[in-house]
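For the sequence shown, the residue numbers in the numbering used here are 35 to 171.
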Amino acid sequence: MEVILYSALGIAIAALLILIIYMVILLFNTKKTMDEVLQTLGKIDHQVKDVTGEATEVVQKSKGLVDDLTQKSNQLDGIIQGARGIGDTVEDFNKSLQQLSNIISKHSKEDQEKAAQAVKWGASFFEYWNKRKQESN
């Protein structure tokens, strides 16, 4: 019976020893995996920092572009208002020229009628003059 007891004790010790060896192997593999995970996280952290820096630069450049576009838009507004003012001035000038042209045409027609009347009077006077001259001869 002692032999069975020692045999059982030897088997239990061997099993415990094998279990301890597997546990040590498992811990080493776990440590190796954790080291790889830590290394991967370090790389990801570095990449995230790079991307964050680039994103910050892009945002700053975008803000600069927006400010520049806003400034140029404001400048264009001034130019457009100036052009609108010039357009209004040209339109007013055209209206004034049209009014002046209408006035000149009206006076020209009146003067033509007066001139035609004067020519008729002149022609009548010369006819009368010629008749009187012929009668006196």
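The beta carbon of each residue, even a glycine, is placed where N, CA and C say it ideally should be. Just so you know, these numbers come straight off a predicted model, no measurement behind them.
For residue i and residue j, what's the separation of their Cα atoms in angstroms?
i      : j      : result
Leu110 : Lys95  : 22 Å
Val37  : Gly44  : 10 Å
Val71  : Ile78  : 10 Å
Lys165 : Phe159 : 10 Å
Asn128 : Lys143 : 22 Å
Val124 : Gln133 : 14 Å
Ala157 : Leu131 : 37 Å
Leu75  : Val82  : 10 Å
Under three-state DSSP, which class holds residue i?
i     : result
Met68 : helix
Met35 : coil
Using a Cβ-Cβ distance cut-off of 7 Å, determine whether residue i contacts chain B.
i     : result
Val37 : The structure shown has no chain B; it contains just one protein chain.
Inset, instruction - Any chance you could list the beta strand (DSSP E) runs of at least 3 consecutive residues sitting entirely within the region 108 to 165, in chain order? - result: Scanning the region 108 to 165 from its first residue to its last, no whole beta strand (DSSP E) run of 3-plus residues comes out.
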